[in-house]
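K.L.:
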Amino acid sequence: MMHLIITEKHSTAKRIAQILSGGKAKQKKLNGANVYEYPDTKVIGLSGHIVNVDFPPEYNNWSDVDPQELIGADIILVPTQKKIISALRKLAKEASRITIATDYDREGELIGVEALRLLPSSIPIDRVRYSAITQADIIKAFANTTKIDFNLASAGEARQKIDLVWGAALTRFISLSSRRLGKNFLSVGRVQTPLLALLVEREKEIDAFEPTPYWEIYVTCKNDGEFVAKHVKGRFLEKSEAEIIVSRLGPKGTLSKLEQRRKTQAPPVPFDTTEFLRAASAIGFTPANAMRTAENLYTNGWISYPRTDNTVYPKSLDARALIKMFTESEFLDYAASLLKKKVLKPTRGRKEATDHPPIHPVSVANRRDLNTYEWRIYELIVRRFFATFASPAVWERTKVTVEIDGELFNADGSRLLEEGWRWYYPYYAVKETILPSLREGELLEIIEVDLAEKETQPPPRYKQGDLIKKMEDLGLGTKSTRHEMISKLYARGYVHGNPLRPTSTAHAVIETLEKYATPITKPDMTCVLEKDMDKIAEGMIDEENVVQESREMLDVVFEKLDVSMEDVSRTLQEGLREDKIVGKCPDCNSDLMIRRSRRGRFIGCTNYPNCSFSLPLPKSGRIIVTSKKCEEHGLHHVKIITKGRRPWDLGCPHCNYLEWQKSKKELF
DNA sequence: GCAAGGTC
């Protein structure tokens, strides 16, 4: 009689075994997989999905198979975690009961079903659902076992199939028609393509933007101190209108109105993944780096699970005990200060999910336990955790109106009276504007009048941190994948830099897809899919219906693409060519382009063989032609991107070549 | 060499 418990990941297997066995569970290896054992029970952790959807091998060759054939092709399940699967099968032979204890969300349900399908159907199955791996939650969950929700798993499966079919068919189509094959392929997908479209859209707005000039009037007022006030109208679109007002202003003004009030600023809400990544961005981490660092902290037992949609601490979290642990750390003062409060009432965010608790520290680290990056992320998480229990900050806001010869000017002052949570969480700059002491009716000397000329600004480019938030708002991707999608755009050569700039290739791909494969370029595809998945989960429709309908939509897309092959190829190849143009040839003024010969890559003149001007390029790495231009040679700067390394800014390829020549001479 | 979603 053996009870087999299956969890989504190794760490939960370990914790659940510890809790249920009262710390007596022993770790054993089975076929290289970790299994936790105590009398009558064995607990094994999967590694997320243990199988993957794919096409049968006869569809593997991109050039031999028409991408359209993928639409109706069979979809098979390929084991991806062979060691875990064989351990699982061995364990099932002795099992008289199986409990699925994967994460409490849709993918968790599917991961559980994937495991069950590999095991004999004769064993009784149950399911437990928990939102935090605390003693209280786990014990409660195991006392209230439920059934597997096969409809919920089907919903996840529909998503897998639709993503595979659309993604693979369109990826191959776009790669084949642009002749970008091998490791340079171009990709298309339900999440990455709308994300890229967003960037291309913004870039077009910036290109089309025409700045409008406007004017503002500032006056410097003086009593015992000085302050600057701005004309109440704000922006003047006509300079003459502002000039008339300026000419009317005399050397004296009156402080006609003074309002002062206190404003409290609530502490921040607990960290979910999105907010964590945004906060990490503000202190200089890219989302991918922040995520990797957080994962390290998590696997080493310093913080809770970093992939969560939850912004409300579970009731079972013992905050006081947790904060008390920090009285023996360098956060001692902060912890002691919080512990003085009679009640520790945390803030709560709008999103309350079932998957995991908000990100919080679970044990006390010292600086020497961690590397610099880990420490900075750990400190951020600790301070955020503390801040969610802290008091509001209190500001004094002052609004004054100054009248000068019938014209009104405003000035705002703000002063931080009580730091509150800001002491614990000092990451936002405190912007105080201190006005001199003033009283209503007071006479002021006007010592300076400034007619400032400004112009309207184009919308800003997205930075990585902004995009994570934007993706969440649009429903694109998940807490676990959003940062990967951004990395993917870089890896494909669709974007460069931070803030992100799309390449001409990206423009061409989006232009083509928007014309012929509209659904895949819109976040709406995900919204519709989500609604369909809800219906599948509720048992209102079948998974097969949803997948079939989606296949038919893709058929329509391919009919359109098929008759426009020439237009598609032309658009794509023009875009690709654009990205390879480095500038004008200094010898003959033709375009200089990135070319390839048997000896490797180089920059060559398009007027070859009449002109043989050329410049060398590094042998490996993806070459990105940036929008920055060399003042001396007029050539675009070049960046080299190698997987797993920082981008190398080669600068102007002509300057680079000349320097290299110079250094060679110095050597010999 | 395809997607997106888990996890390491």
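Here this note's numbering is used: the first sequence runs in plain steps of one and ends on residue 1907.
Where is the CB? At the ideal position from N, CA and C, for every residue including glycine.
Look up Cys-1827 in the DSSP assignment and say whether it is helix, strand or coil.
P.N.:
In this structure, Cys-1827 counts as coil in the three-state DSSP scheme.
K.L.:
Can you list, in chain order, the residues of its chain with a C-beta nearer than 6 Å to that of Ser-1902? Leave out the 5 residues immediately preceding and following it.
P.N.:
None.
K.L.:
Measuring only the C-alpha atoms, how far is Arg-1546 from Glu-1692?
P.N.:
If you take the alpha carbons of Arg-1546 and Glu-1692, they lie about 47 Å apart.
K.L.:
Relative to the alpha-carbon of Tyr-1298, which residue among Val-1290, Ile-1289, Trp-1634 and Asp-1313 has its alpha-carbon at the smallest distance?
P.N.:
Nearest of Val-1290, Ile-1289, Trp-1634 and Asp-1313 to Tyr-1298, Cα basis: Asp-1313.
K.L.:
CA-CA distance, Ile-1483 and Pro-1452?
P.N.:
Approximately 17 Å between the Cα atoms of the pair.
K.L.:
With distances taken Cα to Cα, identify the nearest neighbour of Leu-1488 among Thr-1459, Asp-1511 and Ala-1505.
P.N.:
That would be Thr-1459, whose Cα lies nearest to the Cα of Leu-1488.
K.L.:
For Trp-1405, does the count of other Cβ atoms within 10 angstroms reach 16, so buried, or fall short, so exposed?
P.N.:
Buried, because 16 or more other Cβ atoms sit within 10 Å of the Cβ of Trp-1405.
K.L.:
Per DSSP, what are the beta-bridge partners of Cys-1844 in this structure?
P.N.:
Cys-1844 is bridged to Leu-1831.
K.L.:
Given that a residue counts as buried once 16 or more other Cβ atoms are within 10 Å of its Cβ, and exposed if not, what is Cys-1844?
P.N.:
By the 10 Å Cβ count, Cys-1844 comes out buried.
K.L.:
Taking the beta strand (DSSP E) that Met-1241 belongs to, which residues open and close that run?
P.N.:
Met-1241 -> beta strand (DSSP E) spans 1241 to 1246.
K.L.:
I believe Thr-1751 touches Val-1795 by the beta-carbon criterion, under 8 Å. Please report the beta-carbon distance rounded to the nearest angstrom.
P.N.:
So it is not a contact: roughly 16 Å between Cβ atoms.
K.L.:
Who does Lys-1268 pair with in a DSSP beta bridge?
P.N.:
According to DSSP, which records beta bridges pairwise, Lys-1268 is partnered with Asn-1273.
K.L.:
Output yes or no for whether 8 Å exceeds the beta carbon distance between Asp-1365 and Thr-1341.
P.N.:
No, they are not a contact pair.
K.L.:
Classify Leu-1682 as buried or exposed, calling it buried when 16 or more other Cβ atoms lie within 10 Å of its own Cβ.
P.N.:
The residue is exposed, with fewer than 16 neighbouring Cβ atoms inside 10 Å.
K.L.:
Measure from the alpha carbon of Ile-1445 to the alpha carbon of each residue in Gln-1696, Val-1785 and Gly-1652, then state which is nearest.
P.N.:
Out of Gln-1696, Val-1785 and Gly-1652, Gln-1696 has the C-alpha closest to the C-alpha of Ile-1445.
K.L.:
Buried or exposed for Pro-1762, going by 16 or more other Cβ atoms inside 10 Å?
P.N.:
Under this definition Pro-1762 is a buried residue.
K.L.:
Comparing C-alpha positions only, which one of Met-1240, Pro-1600, Val-1821 and Ile-1643 sits nearest to Lys-1461?
P.N.:
Considering only alpha carbons, the answer is Ile-1643.
K.L.:
Assign Arg-1731 to one of two classes, buried (16 or more other C-beta atoms within 10 Å of its C-beta) or exposed (fewer than that).
P.N.:
By the 10 Å Cβ count, Arg-1731 comes out buried.
K.L.:
Go through its chain and collect everything with a Cβ distance to Ile-1749's Cβ below 7 Å, but skip five positions before and after it.
P.N.:
These residues qualify, in order along the chain: Leu-1435, Ala-1436, Val-1439 and Thr-1760.
K.L.:
In angstroms, rounded to a whole number, what distance separates the CA positions of Ser-1479 and Ser-1486?
P.N.:
Rounded to the nearest angstrom, the two C-alpha atoms are 10 Å apart.
K.L.:
Looking only at its chain, what residues have a beta carbon closer than 8 Å to the beta carbon of Tyr-1537, apart from the 5 residues adjacent to it on each side?
P.N.:
Cβ within range, chain order: Ser-1250, Ser-1543, Tyr-1544 and Pro-1545.
K.L.:
List the endpoints of the continuous alpha helix (DSSP H) containing Phe-1565.
P.N.:
It is not in any alpha helix (DSSP H) - Phe-1565 carries neither H nor E in the DSSP assignment.
K.L.:
Once you ignore the five residues that flank Ser-1630 on each side, which residues in its own chain have a CB closer than 7 Å to its CB?
P.N.:
Within the same chain, Ser-1630 has close Cβ partners Gly-1659 and Trp-1660.
K.L.:
Could you tell me which uninterrupted beta strand (DSSP E) segments, each at least 3 residues in length, are contained entirely in the segment 1679 to 1762, listed from first to last along the chain?
P.N.:
Counting only runs of 3 or more, we get 1682 to 1694.
K.L.:
With which residues is Ala-1650 paired in a DSSP beta bridge?
P.N.:
BP columns for Ala-1650 point to Val-1639.
K.L.:
Alpha carbon to alpha carbon, how far is Asn-1300 from Glu-1308?
P.N.:
Each residue's alpha carbon lies about 12 Å from the other.
K.L.:
Have a look at His-1893 and Tyr-1612 and give me their C-alpha separation to the nearest angstrom.
P.N.:
Cα to Cα, the separation comes out at about 37 Å.
K.L.:
Whether or not the segment 1566 to 1580 and the segment 1598 to 1614 are in contact is what I'm after, with contact meaning three or more pairs of Cβ atoms, one per stretch, closer than 8 Å; do they touch?
P.N.:
The segment 1598 to 1614, when compared against the segment 1566 to 1580, does touch it at the 8 Å Cβ threshold.
K.L.:
Would you kindly work out how many angstroms separate the C-alpha atoms of Gly-1588 and Arg-1419, rounded to a whole number?
P.N.:
Going by the C-alpha atoms only, they are around 45 Å apart.
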